[in-house]
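K.L.:
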Amino acid sequence: MFKKLIIIILLIVSTNSIFAQQFRQKIYLLKSSYITNALSLTPKEAEKFWPVYNLYSDKIHELKFELENNLDKKLLKNGNLEALSDNDAEKYLNNSLQMEQEIVTQKIKMQKELSKIISAKKIILLQKAEKDFNRRMLQEYGRRKGMMKNQ
10 MFKKLIIIIL
20 LIVSTNSIFA
30 QQFRQKIYLL
40 KSSYITNALS
50 LTPKEAEKFW
60 PVYNLYSDKI
70 HELKFELENN
80 LDKKLLKNGN
90 LEALSDNDAE
100 KYLNNSLQME
110 QEIVTQKIKM
120 QKELSKIISA
130 KKIILLQKAE
140 KDFNRRMLQE
150 YGRRKGMMKN
160 Q
């Protein structure tokens, strides 16, 4: 009985993982297409652009994820913010600033690398396209979530 339960749980977890991976892949493809169109990248530019963009984008995403989850871990460990010692709070703040500086450093490196591939105007368009894409994704998420509530 216990073995069957474990097998069922493993199947559910692996199925959820597969769907999440497919969802992330779909989002990635949509974003790639959106940015390529927004920047009017030529095939030659796109061939050089995407490896650089993906490398730095992944690094920045990891840093942001770590930054956002850092306080959550501290709060979970201590129960709440009130239980956080001043010393731990100061360490958290210093760590957060260091991580934010690293994010900026990675953005600067990405901009320098991309400027070898695309123009400064296209880099500005990239920043705008990223914001527009994220805004559209959030709007679509809100719309779908609203539709699910109405059902």
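Numbering (my numbering), first residue to last: 10 to 160.
Cβ atoms here follow ideal geometry from the backbone N, Cα and C, with glycine treated the same way.
All of these numbers come straight from a predicted model, not from anything done at the bench.
Please name the residue, chosen from 111, 100 and 138, that lies closest to residue 70 on a Cα-to-Cα basis.
P.N.:
In the sequence shown, the residue the question calls residue 70 occupies position 61. Nearest option by C-alpha distance: 111.
K.L.:
I need the boundaries of the alpha helix (DSSP H) containing residue 109, first residue and last residue.
P.N.:
Your numbering for residue 109 matches position 100 in the sequence shown. Taken as a continuous stretch (DSSP letters only), the alpha helix (DSSP H) holding residue 109 covers 95-124.
K.L.:
Residues in the same chain with beta-carbon distance under 7 angstroms from residue 134, minus the five sequence neighbours each way, listed in chain order, please.
P.N.:
Numbered from its first residue, the sequence shown carries residue 134 at position 125. Correct list, in chain order: 47 and 48.
K.L.:
With 16 as the cutoff for other CB atoms within 10 Å, does residue 115 come out buried or exposed?
P.N.:
Position 106 of the sequence shown holds residue 115. Residue 115 comes out buried.
K.L.:
Residue 64 and residue 109 look like a contact to me (Cβ under 8 angstroms); what is the Cβ gap, rounded to whole Å?
P.N.:
For this step, residue 64 is matched to residue 55 along the sequence shown. For this step, residue 109 is matched to residue 100 along the sequence shown. At roughly 20 angstroms, the Cβ-Cβ gap does not stay under 8 angstroms, so residue 64 and residue 109 are not in contact.
K.L.:
So, at 8 angstroms on beta carbons, what are the nonlocal neighbours of residue 61 in its own chain, with the 5 sequence-adjacent residues on each side left out?
P.N.:
In the sequence shown, counting from the first residue as 1, residue 61 sits at position 52. The residues are 119, 122, 123 and 126.
K.L.:
For residue 131, is the classification buried or exposed, using 16 other Cβ atoms within 10 angstroms of its Cβ as the cut-off for buried?
P.N.:
If you number the sequence shown from 1, residue 131 lands on position 122. By the neighbour-count rule (16 or more Cβ atoms within 10 Å), residue 131 is buried.
K.L.:
Do residue 149 and residue 44 have their C-beta atoms closer together than 9 angstroms?
P.N.:
For the purposes of this step, residue 149 is taken as residue 140 along the sequence shown, with counting starting at 1. For the purposes of this step, residue 44 is taken as residue 35 along the sequence shown, with counting starting at 1. Contact flag unset, no.
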